[in-house]
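**Q** Below is the structure I would like to discuss, written out as structure tokens.
Given below as structure tokens:
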């Protein structure tokens, strides 16, 4: 947000001083013992990041050299690969949600059974009902939502809980069921291809923040 504001203000002719907490712009990557560059956090550029994708074009970044192609999202647990979520953006025709997601991932699940996955449909009433009584679902945790609706413990423990921890940095016991239902409606049902992701070919600080700083200073 700070870099975006600075870029907008400088484009309007203002002089801006931007203070960053990191020693170098965009956070400093470090080297592993083998010499591989590493950065903290997830650095994927998902398809719904429309502002970021537009910024890349505006900065004149060569996407073919700076970014990978759209790639599937793979989920791993201690047991190994659990599921590959395929790239959906390139499909000419798609089945409607949520049938499409179920069909497209049917052959990619490695360990969680079809019966366990189908238990997620028990949330269907809550998804419809939550807007009529938002406060009720806001008082409820995601964990309560899944357990009271009889969603498979295998599905919840192996896939749902770790996914929420990775995406929202909080355990489901502390997350509002209403917020997660709304997120689910937007990401999973409203926009099937939102999990399509591209990755930087190199540190984000070099690939994206470097050109951004040059544009601000210019």
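Residue numbers (the numbering used here): 105 to 322. Where a beta carbon is used, it is the ideal one built from N, C-alpha and C, also for glycine.
#1: What would DSSP say about residue 230, mapped onto helix, strand or coil?
#2: Starting from the Cα of residue 142, find the closest Cα among 322, 308, 295 and 314 and give me that residue.
#3: Residue 302 by DSSP, collapsed to three states: which one?
#4: Could you check if residue 182 is buried or exposed, using at least 16 other CB atoms within 10 Å of its CB as the buried criterion?
#5: So, helix, strand or coil for residue 179, using DSSP?
#6: Return the bridge partner residues of residue 187 from the DSSP annotation.
#7: Compare the Cα-Cα distances from residue 301 to each of 220, 243, 122 and 174 and report the closest residue.
#8: Pull up the CB-CB distance for residue 213 and residue 221, whole angstroms please, since I reckon it's below 8 Å.
#9: Compare the Cα-Cα distances from residue 255 to each of 189, 107, 226 and 239 and report the closest residue.
#10: Thinking residue 189 and residue 202 are a contact (beta carbons under 8 Å), I'd like their distance in whole angstroms, please.
#11: What's the gap between the Cα of residue 191 and the Cα of residue 299?
#12: Give the secondary structure of residue 174 by DSSP, where H, G and I count as helix, E and B as strand, and everything else as coil.
#13: Since residue 230 and residue 278 should fall inside the 8 Å C-beta cutoff, what is the C-beta to C-beta distance between them, to a whole number of angstroms?
#14: Assign residue 160 to one of two classes, buried (16 or more other C-beta atoms within 10 Å of its C-beta) or exposed (fewer than that).
**A** Let me lay it out:
#1: Along the chain shown, one-based indexing puts residue 230 at 126. Residue 230 falls in the helix class under three-state DSSP.
#2: The residue labelled residue 142 in the question sits at position 38 within the chain shown. Checked all of 322, 308, 295 and 314; the closest Cα to residue 142 is 308.
#3: By one-based count along the chain shown, residue 302 stands at place 198. In this structure, residue 302 counts as strand in the three-state DSSP scheme.
#4: As a working mapping, residue 182 is identified with position 78 in the chain shown. With fewer than 16 other Cβ atoms within 10 Å, it is exposed.
#5: Indexing the chain shown from 1 puts residue 179 at position 75. It is a strand residue.
#6: What you label residue 187 is simply residue 83 of the chain shown in a count that begins at 1. Paired residue(s): 179.
#7: Start at 1 with the first residue of the chain shown, and residue 301 comes out as number 197. Of the listed residues, the one whose Cα sits closest to residue 301 is 174.
#8: By one-based count along the chain shown, residue 213 stands at place 109. By one-based count along the chain shown, residue 221 stands at place 117. Rounded, the Cβ-Cβ distance is 7 Å, consistent with contact.
#9: Here residue 255 refers to the residue found at position 151 of the chain shown. Cα-wise, what sits closest to residue 255 is 226.
#10: Start at 1 with the first residue of the chain shown, and residue 189 comes out as number 85. Start at 1 with the first residue of the chain shown, and residue 202 comes out as number 98. So it is not a contact: roughly 13 Å between Cβ atoms.
#11: Start at 1 with the first residue of the chain shown, and residue 191 comes out as number 87. Start at 1 with the first residue of the chain shown, and residue 299 comes out as number 195. Near 8 Å, if we compare the C-alpha coordinates of residue 299 and residue 191.
#12: By 1-based counting over the chain shown, the position of residue 174 is 70. In this structure, residue 174 counts as coil in the three-state DSSP scheme.
#13: For the purposes of this step, residue 230 is taken as the residue at position 126 of the chain shown. For the purposes of this step, residue 278 is taken as the residue at position 174 of the chain shown. 19 Å between Cβ atoms; not a contact.
#14: Within the chain shown, numbered from 1, the residue matching residue 160 stands at position 56. Classification for residue 160: buried.
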